[in-house]
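So for the sequence shown, our numbering puts the first residue at 2; every next one is plus one. We put the beta carbon where it would ideally sit given N, CA and C, even for glycine. Nothing here was measured: the structure is a model prediction, and the numbers come from that model. Below: the structure, in C-alpha cells.
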Amino acid sequence: MIGSQSFAQKRFDGPYQIQNVKGIATFNYVVQEGDTLKTGDFTFTNEQQTDLKPVRIKGQFKDNKPSGSWEYSYGEFVPLDRQELVGLSYVTKLDGFKKSINGNYENGLPEGSWIIAIDSVKNSEIAGNHYRSEITYENGVPQRSFRIDVPDQFMIGRLLRDGRAHDTWTLFSKDGISEDENWTFANGLLTELNIKTSDSKDKQFYFDYNETNKMVTIPLDRHYLDIMELRLQRRDTVHFFDHGLSTLLKQNSTYLHEIEGQMQDIGAAVKLATGTVKVPLYELTNKERKTLDRIAAIYDKSRDAAVSIRTNSQLNLARLTDQQTALLYNAIVTIDTTNLKTLGKLSRLHGEEVTQHILRKELINGLWPLGLPDTTIKTIDTANVQQVYRHNISSSYNRFDFALDDVEELARFSYEVIKEIQGQLNVKTTAIKRKPLYLSEEDKLVAESTVFKEMIDSLATIQREDIAKTLRAMQKNTEKQLTQYVKMPENDEKLNRAKQLTACINNKKLLINTLVNIPNRQEALKKKYTEDVYVIFTATFMEEQVKKRITKAYEDYLLPYLLQQVQDGLECGSYQEWIEQYETLNSKLTTLRDEDTQRLERRLKREEDPQEILKLLGV
C-alpha cells in the first residue's frame, strides 16, 4: 500500500476487497473524528489483469458520497485455444460476456439515466447485445417510463413521480407488433395480468385485495416477484408468470442489487430500484413465527448433513461401484431435491420477511401445489434401476390438507431420515480428518469418474452389440480400479494413485469417442472397397466388394481382436497406444485400396492370427 499526506488528505493505493473480489483500489481520503471520508476519484480493478472474470469500478466521491459519473464493468470469458500474432506478441483471444452498468450520482443519490448492458464477446470483439435496460432517476427515485431489451423481446413500464408502478406494463415481440404480456398497475397495486400463451390464447389473472385493508409499499424486486408467483401458483400451473416480463424484472433487480452490495462494501450505501409496489401485510402471529423459525433451523441442519454426504469424495467414488452405497447416497439426493429444495425456499422467504406479505395457506399451497412429498424415498442403484429406501422413521404429516405444522413435521422427518442414512454411511467426520490434498485430488477423480460413467450409461444402449460390450467392460474395469483405490491406506502411494486414475479415466474418455465412431468408419471403409460393376446381361450397374480378403481380415479378425484387448482391460498407459494403432490400421486400409495387393491377399488367404495379420499389413 502506498500512502501520502497533504493537508490531512491521504491517498490509498493497495489491496482491496469488494464482495468476494480481491483487487487493487486507488482513492483519496481524510480522517475526521476516526471516520475515513473518501474524496475525489475512486478506481478498483482485479488483482490480476489476466483474470477471466475481470471487474472494474470507476467513479468519484464528494464529501464521502458518490458523485458524478460511475462505471461498473464485469466480464466472464473463456480463452480460445489458438493465439494470434498482434504486432510482435502472440495474443490469446476471448469468448464470453461483458456486463457494464453506467449511471450518475448527485449527493449520494442516483440521478439521471442508468443503463445496464450485457454484450456477447466473440474473438475478443463485441458480437451482439443480450440485455439492455434504461431507468431514469430524480433525487434517487425512479421516474417516468423505462425499457428493457433482450434479443427477441422488449418491455416498457411506467412509474409515477414517487416511483410507484402505474398503468400498463407491456412485453412486446421484437418487431413491436405483438403484445406478449401486459401487467396493469393502479398506483403501485398490481390488479391484472394478461399473458399470451404459445397457442396465441390469452391467459388472464386478476388480483383481489379486499381481504385486507393494510397495505405497505416495498421495492419492485425479487421479493415482490416471489410473492406474486406464490399467489399465482395454484392458478398458473404452467408457470406462465415465471417467464417473460417477470424474468426481465428479476434480472434487472439482481444487477441493481449487485451495485448496492458493492457500494456498501466501498462504504457508500446507495439505493437503486426498478420502482415500488404495494402489497398486503399479514403480520405473523407469535406461533407462526416460532414455527417458521424452527423449520428454518431444521432445514439448516438437514442441508449441512446432506451437503457433507454429497460432497464427500470417498462416497462419490464408492457410489460408482458399491450397490449399497449408491442406494444410500441417491436416497440423500432424492431427499435433497424433493424435500429440502422447497423447505430451503420457505426458509429463505421467511428470512427475507416475504412470508408476512402472503396468507400462510396461500404461501404453503404455492410452495407445494401438488401436496407435500411422500414419505416413500425413491432411489437408484449403480445400474440406474429405481429402488425404494426402507427407512425406520415415522411421520404424521398430512400431505394434501396441510398447514404450517405439517410442513414442520416434513422438515423433521427429512432430517431424521438423513441422519439415519448418515449413520449407515458412517461419514460424520471423515471429510474433516482427511488432508486437503487428498480431498482436492479425489474431487478431480470423482468428477472424471462421474462423467465417464454417464458417458457409458448414455452411449452403451445405442451402440451395436460388440461396441456396447466393450464400453460396459471398460466401466467394469474402472469400477474395479476405483474399488481397489478406496481400500488403499491413506499415504503418498494413494495420493499418486488418485492422480494416475484421474489421468487414466481421462484417456478412457478419449477411447470412448474412438469406439463409438468405429461403425461409421467401418461403413466408410466398406464403401471405399465397393465399386460399380456393369452387368452385360441386364445392362445395369451393381455394387461389388473388391479385395475381399483384406476387408474380411479386418472385420473377422483384426477388429474383434482389438476390441477384445479393451474388454480384457488395458494398462492406463496403453489407451493412447491403442488409439494410435487403430488410426494407423484405418489409414493403412484406406491406402491399400488403391495399391497392388495381390501378393498380400494371397498371404492373407492362409492367415487367421490377428497379430500376424497386423505384421503383414505393416501395422
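Per-residue DSSP class, three states only, for residue i
i    : result
Y75  : strand
I419 : helix
K302 : helix
R232 : helix
V308 : helix
Y207 : strand
K39  : strand
S125 : coil
I457 : helix
F538 : coil
W369 : coil
Y138 : strand
R600 : helix
T430 : Residue confidence for T430 is low, a pLDDT of 42 falling below 50, so the modelled location carries little weight; the figure read from the coordinates is stated next. T430 falls in the coil class under three-state DSSP.
R12  : strand
F401 : coil
M475 : helix
V280 : strand
E609 : coil
T46  : strand
P374 : coil
N108 : coil
R391 : coil
K202 : coil
Residue environment, residue i, which counts as buried when at least 16 other CB atoms sit within 10 Å
i    : result
R465 : exposed
A499 : buried
Y210 : exposed
P611 : buried
L53  : exposed
G129 : exposed
P220 : buried
A332 : buried
T292 : buried
R603 : exposed
E442 : buried
V355 : buried
E494 : exposed
W71  : buried
P520 : exposed
I551 : buried
P16  : exposed
K215 : exposed
D597 : exposed
D176 : exposed
R165 : buried
T171 : buried
Check whether residue i and residue j have beta carbons under 8 Å apart
i    : j    : result
V517 : I580 : no
N183 : T169 : yes
T462 : Q568 : no
E135 : R148 : yes
Q20  : G262 : yes
V278 : L160 : no
L446 : T383 : no
Y562 : L512 : no
F1   : R236 : For the chain, the structure presents residues 2 to 620; residue 1 sits outside this window and is missing.
Y300 : G367 : no
E532 : E545 : yes
L559 : L615 : yes
R400 : L373 : yes
G97  : E126 : no
Q485 : L329 : no
H351 : I228 : no
V334 : R304 : no
L249 : M156 : yes
K454 : Q476 : yes
I196 : A306 : no
E491 : Y439 : yes
Integer Cβ distance of residue i from residue j, believed to fall under 8 Å
i    : j    : result
L496 : L318 : With a Cβ gap of about 14 Å, L496 and L318 do not count as contacting.
V386 : K379 : Not really, about 11 Å apart at Cβ, beyond 8 Å.
E480 : L321 : 6 Å
T40  : K63  : 7 Å
R223 : T255 : 7 Å
Proximity test, residue i beta-carbon vs the ligand GDP heavy atom, cut-off 7 Å
i    : result
Q324 : The ligand GDP is not part of this structure, which contains no ligands at all.
query = At which residue ranges does the region 131-177 contain complete alpha helix (DSSP H) runs of 4 or more residues, listed in the order of the chain?
reply = For the region 131-177, there is no continuous alpha helix (DSSP H) assignment of 4+ residues that stays within its boundaries.
Unbroken stretches of the beta strand (DSSP E), 3 residues or longer, contained in the region 522-599 = For the region 522-599, whole beta strand (DSSP E) runs of length 3 or above, ordered along the chain, are 531-536, 541-546.
request  = Could you pull out every unbroken alpha helix (DSSP H) segment of at least 4 residues lying fully inside the region 483-507, listed in chain order?
outcome  = Whole alpha helix (DSSP H) segments, 4+ residues: zero.
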